[in-house]
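Structure record follows, encoded as structure tokens.
Protein chains in written order, with the working numbering: chain A, 1387 to 1933; chain B, 10 to 316.
As structure tokens, then:
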């Protein structure tokens, strides 16, 4: 008996000592909310696919950016609402002409090897991202930021040091722009702008992001990476705000199939996964505390090919209006998607910062009224059951896109007497056909690169490389250019509203719905930024409560 | 025999070369490219990238450079999709995974399949035969993209016995479900081929003679019937082995193994030219090699065959 007690006491002592720090505060509470924290602070989530890269200069996808935000820290971060908060920079000053941004860097920011993070690290990283030799697929983001000299550098016509970035001292980083971009600081939360450790990059070349080589300055360091299987990030003890970080370990698992991911989530292997299309109603009923749906900064729409060599009927504005009117968005979001998505009558989502949804007539009509008006417009244009329009909806192969295309083709058939077929293409073939204008109607989706209406509306600029509808309107081009230099937010908001009104009138694109993020999130994961419409989440801001 | 092997190997070289050239041309004639995306790149950025990967060169030059690098440096080039990895990295990481679950699948498919086929043939028209035939037809009718999710549902969600996916360095409990999913239909084919050829052999003249001589059944089966009965199975096993060790896109996708099978399909979708080529060559070389192995085994088993 005595032996057993001693043994137990010893075991307990060994466990406490052996498990060390992680278990010593097994019943720790959250410093602000007072909630009891779980003893295991590991956050495990599903990613659809392996990211092409986790090198900040080369990151090009959403899940790569999520990793980037854990491993690296840029000038500014976002909080749970999407507001700007200090990152490596404690703040910034804007020159009177709005074209020079001076960031002050904190003096306690360190790389994971103990080196201080300096302004030169940012200068190096930004030049590197623009370097034609790195050939980053996201280098266009730097030209979007309007940094001085960026286009010549990208084209290889000017040396890297002509890029408008400089470091007068270790804690001052200055960016020179070619136009007063008021949302420039928001853009510094993007992974392309994160610093990289020059000595590490130069020593290991393209292999510098491997766990054994990488040096990073974010809240986490990369400890394991098995491509196409898993990635593990653990606390960076050198991170300046490490004391306030609660999640110890972040594991992302590559699971291609969303239904398998859901099964594994339900088996307790994951803390977060996406809800497969159409399953949200059932899951939110069975797991009301875990199924989440919240607005995102993304729009789903159809391009109408308005190029001169496009279909003849597409040149008639009345026909385009009729097509848009006859799409019953409520049926699409409630019956086809069923994930809490929002019907779209404007291109820019309502949740976009500084955007006032214009009063477009179509939004306030009932579907019966819309259909009646659509039939009238078609008749005016000379089309109808006796002279039907024959067309095709082109989409990239996917079950979800197919269902929407079927629904819309039926709506157009029934309401407008059109003859509509649907056609799918594999992604790359689709992109080529759409980019070349080889279509009548094509499916498209767009997510904002930053939280400002221009990230959507710039697509309607006739010079935009993403203007797949082939739309050209001189007034739109002119006022979009004016928005870049507009003096006040109110003035800009007015311009965006005007562009949406023109688009609603001329209908080069048919907005269909605004996306929602539809997740299963374990109810012990706290502080998920549901109100951040860009869904820029940082593992360091999450925590797990005991339950 | 040796001159036969040498001849076969000599033919393999131009075969692989033709394979490379045809794949290269087909791949480049598919619409799209590795750097097309939803957000088309500005022309100067695209030009930088194409120059970096040598895509600005004429096609014949690209083929020559590629073949030169592969043959002389054993370098399959950088992946176009995964910026910090080369094709050699992709294969070095993914191939051991598929080799592991493919190898175990092969052992199980052959072991169980052959035994089942022989047992069914020897007990022709008995309950065992019906059971075996029923099982093999069922197993072949049930595709592995249906079986994968069912296995995960049963073993992970309901029974909680096995992890629902991942590889974890090839730990045994991560290997079981991929092996079941991959081996079942191969096993069924092997059982059916073995059964029908065994039936044929057991009804042939020389077995009747052996029986008439009064040899015990075990001796007849093991000594006389087995070898000829396995010949059709053997010719099936060459390609089947290659198919198994180069993995299955279905297994890789449902069980998130990180194996090489998924790259075959994904790289085609992504137009990751260098990965497509690397895996095509890998599969091509393995296929040629194992077909040769099968032919040699043939000669060894069947004395009538001379090369």
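Yeah, the Cβ is synthetic: ideal placement off N, Cα and C, and Gly gets one too.
- Query: Any chance the region 1895–1904 of chain A sits against the region 1727–1745 of chain A, with 3 or more Cβ pairs inside 8 angstroms?
  - Reply: yes
- Can you give the beta carbon distance from residue 1910(A) to residue 1931(A), rounded, assuming they're within the 8 angstroms contact cut? 5 angstroms
- Query: If we ignore side chains and look at the alpha-carbon of each, how far apart do residue 195(B) and residue 186(B) end up?
  - Reply: 15 angstroms
- Item | Nearest-angstrom Cβ-Cβ length linking residue 1456(A) and residue 1619(A), presumed shorter than 8 angstroms | That belief holds up - the Cβ atoms of residue 1456(A) and residue 1619(A) are roughly 5 angstroms apart, short of 8 angstroms.
- Count the CB pairs spanning the region 1573–1589 of chain A and the region 1439–1459 of chain A that are closer than 8 angstroms, and state whether there are at least three. yes
- Query: Should the region 126–139 of chain B be called in touch with the region 1622–1638 of chain A, which here means at least 3 C-beta pairs below 8 angstroms?
  - Reply: no
- Message: I'd like the ranges of any alpha helix (DSSP H) spanning at least 4 consecutive residues and lying wholly in the region 30–94 of chain B.
- Response: 52–61 and 68–82
- Item | 8 angstroms contact criterion, which residue 96(B) and residue 284(B) should meet: CB distance rounded | 5 angstroms
- Item | Continuous alpha helix (DSSP H) stretch holding residue 102(B): start and end | 96–131
- Task: Let me know if residue 12(B) comes out buried or exposed under the rule of 16 or more other beta-carbons within 10 Å of its beta-carbon.
- Result: exposed
- Task: Work out the CA separation of residue 1683(A) and residue 1833(A) for me, nearest whole Å.
- Result: 6 angstroms
- Message: Excluding the 5 residues flanking residue 240(B) on each side, which residues of the same chain have their C-beta closer than 8 angstroms to its C-beta?
- Response: 206, 307, 310 and 311
- Item | Contact list for residue 1691(A) against chain B, beta-carbon separation under 8 angstroms | Simply none; closest approach about 16 angstroms.
- Alpha carbon to alpha carbon, what distance is there between residue 1527(A) and residue 1850(A)? Distance between residue 1850(A) and residue 1527(A), taken at the CA atoms: about 14 angstroms.
- Task: With 8 angstroms as the threshold, decide whether the Cβ of residue 1388(A) is near any Cβ in chain B.
- Result: Caution is warranted here: a pLDDT of 37 is assigned to residue 1388(A), below 50, making its placement in the model unreliable, and the coordinate value is therefore given only provisionally. With 8 angstroms as the cut-off, residue 1388(A) does not count as an interface residue toward chain B.
- Message: Between the region 1658–1673 of chain A and the region 1872–1889 of chain A, can you find at least three pairs of beta-carbon atoms closer than 8 angstroms?
- Response: no
- Inter-residue spacing [alpha-carbon to alpha-carbon] between residue 100(B) and residue 269(B): 7 angstroms
- Message: Taking 8 angstroms as the threshold (beta carbon to beta carbon), is residue 1781(A) in contact with chain B?
- Response: no
- Message: With H, G and I counted as helix, E and B as strand and the rest as coil, what does DSSP make of residue 1907(A)?
- Response: strand
- Item | Chain-order list of residues whose beta-carbon lies under 8 angstroms from that of residue 1537(A) (same chain, five-residue window excluded) | 1529
- Message: Could you compute how far the alpha carbon of residue 233(B) sits from the alpha carbon of residue 250(B)?
- Response: 26 angstroms
- Message: Quick check: what's the CA-CA separation for residue 1467(A) versus residue 189(B)?
- Response: 47 angstroms
- Query: Where are the beta strand (DSSP E) runs, 3 residues long or more, that stay fully inside the region 1652–1676 of chain A, in chain order?
  - Reply: 1658–1660
- Message: I want to check one thing, is the minimum distance from the CB of residue 90(B) to the heavy atoms of the ligand NAP below 7 angstroms?
- Response: This structure lacks the ligand NAP, and indeed carries no ligand of any kind.
- Task: Could you run through the region 1628–1659 of chain A and flag, in chain order, every residue whose CB is less than 8 angstroms away from some CB of chain B?
- Result: Within the region 1628–1659 of chain A, 1639, 1640, 1641, 1642, 1643, 1645, 1646, 1649, 1650, 1652, 1653 and 1655 place their CB atoms closer than 8 angstroms to a CB of chain B, listed in sequence order.
- Helix, strand or coil: how does DSSP classify residue 1390(A) here? Here residue 1390(A) scores only 37 on pLDDT, less than 50, and its place in the model should not be relied on; the value that follows carries that caveat. Of the three classes helix, strand and coil, the one that applies to residue 1390(A) here is helix, per DSSP.
- Item | 8 angstroms Cβ cutoff met for residue 1714(A) and residue 1797(A) | yes
- Contact set for residue 1408(A): own chain, Cβ-Cβ below 7 angstroms, skip 5 residues either direction: Residue confidence is low: residue 1408(A) scores 43 on pLDDT, short of 50, so the model does not pin down where it sits. Its coordinate-derived value is still stated next. Hits under 7 angstroms: 1634.
- residue 1423(A), buried or exposed, once every other Cβ within 10 Å from all chains shown has been counted against 16: buried
- Once you ignore the five residues that flank residue 1485(A) on each side, which residues in its own chain have a CB closer than 6 angstroms to its CB? 1563 and 1566, listed in sequence order.
- Task: Tell me whether the beta-carbon of residue 1886(A) lies closer than 8 angstroms to the beta-carbon of residue 175(B).
- Result: No, Cβ-Cβ distance for residue 1886(A) and residue 175(B) is not below 8 angstroms.
- Which residues of chain B have a Cβ atom closer than 8 angstroms to the Cβ of residue 1814(A), listed in chain order? 39, 40, 41, 42, 45, 278, 279 and 280
- When the Cβ atoms of the region 1546–1557 of chain A are set against those of the region 79–93 of chain B, are three or more pairs found closer than 8 angstroms? At 8 angstroms Cβ cutoff, the stretches do not touch.
- Query: How would you list, in chain order, the residues of chain A whose beta-carbon sits under 8 angstroms from the beta-carbon of residue 165(B)?
  - Reply: 1649, 1650, 1653 and 1655
- Could you tell me which residues DSSP puts in a beta bridge with residue 1774(A)? DSSP output for residue 1774(A) lists no bridge partner at all.
- Item | Assigned secondary structure, residue 1495(A) (DSSP; H/G/I helix, E/B strand, else coil) | coil
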